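In the working numbering, the protein residues as written are -11 to 257.
Note that CB positions come from ideal geometry on N, CA and C, so glycine has one too.
Predicted model only: the values in this text are computed from it and were never measured.
Written below as structure tokens is the structure these notes are about.
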């Protein structure tokens, strides 16, 4: 008929690129098979030729593509399986690692809590032992002083009696009365420093290191709402959360010692 591709396009409205692909058997440039088969039939009808040979060639092309896709799927299957296996293995290792990390963190926190409790108990026992030792020492000193005073009193009484007897023998008839010796009680030595009651109240969870007087320092961990009381003449404090506690002593109240989480050192009073 002597029609050009432009003429066929004007009649069929099939794009020139598709028409040229049909003429050259370049089926890979055509759209999906439903549209392509319709284009081939319209193209053959416009030219007045049989569409079956062209459709047969297109079917052969489709079959060859299916074979290639099947082979490609078979080749890709083991690789995809290996990828999925690796991903599953990595996920398993990740879960195990996360569990181990969590267990380690929990064990570390428990050990810190246990050490803090042990330090508090040991420090309190040390303070109790020191106070008891000082009390026994003061008691023993008082007993020794009282015993010495009693012995001195007895010696003075004996000397007085001997003196009186000698005066009676040298001066008959003259008897002088003597006033009895006044005994003075000896008091034990008392520390002149005045102890003060300190009360620490926790507003937030706060760690503290406390050194009361010359006693060994100890650590405590107060949670919000908890209180800790002790007596001392002076105290040194290391506070791990300056905004988390309130200190009361001698009728005074100290609050807002610093920012929340700030570490400060105090010496009171």
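Secondary structure at residue 4: helix, using DSSP grouped into helix, strand and coil. The alpha-carbon of residue -5 is positioned some 57 Å away from that of residue 75. The closest CA to that of residue 8, considering only -7, 45, 193, is found on -7.
For residue 183, the secondary structure class from DSSP, reduced to helix, strand or coil, is coil. Burial of residue 198 is indicated by the presence of at least 16 other C-beta atoms within 10 angstroms of its C-beta.
Counting only runs of at least 4 residues, the region 11 to 91 fully encloses the following alpha helix (DSSP H) elements, listed from N- to C-terminal order: 21 to 35. Under the 10 Å beta carbon count, residue 81 is surrounded by fewer than 16 other beta carbons and is classified as exposed.
With respect to the C-alpha of residue 194, the residue from 93, 225, 203 having the closest C-alpha is 225. Under DSSP, the beta-bridge partners assigned to residue 237 are 240. The C-alpha of residue 232 lies about 22 Å from the C-alpha of residue 98. Residue -3 holds the alpha-carbon nearest to the alpha-carbon of residue 32 among 58, 57, -3.
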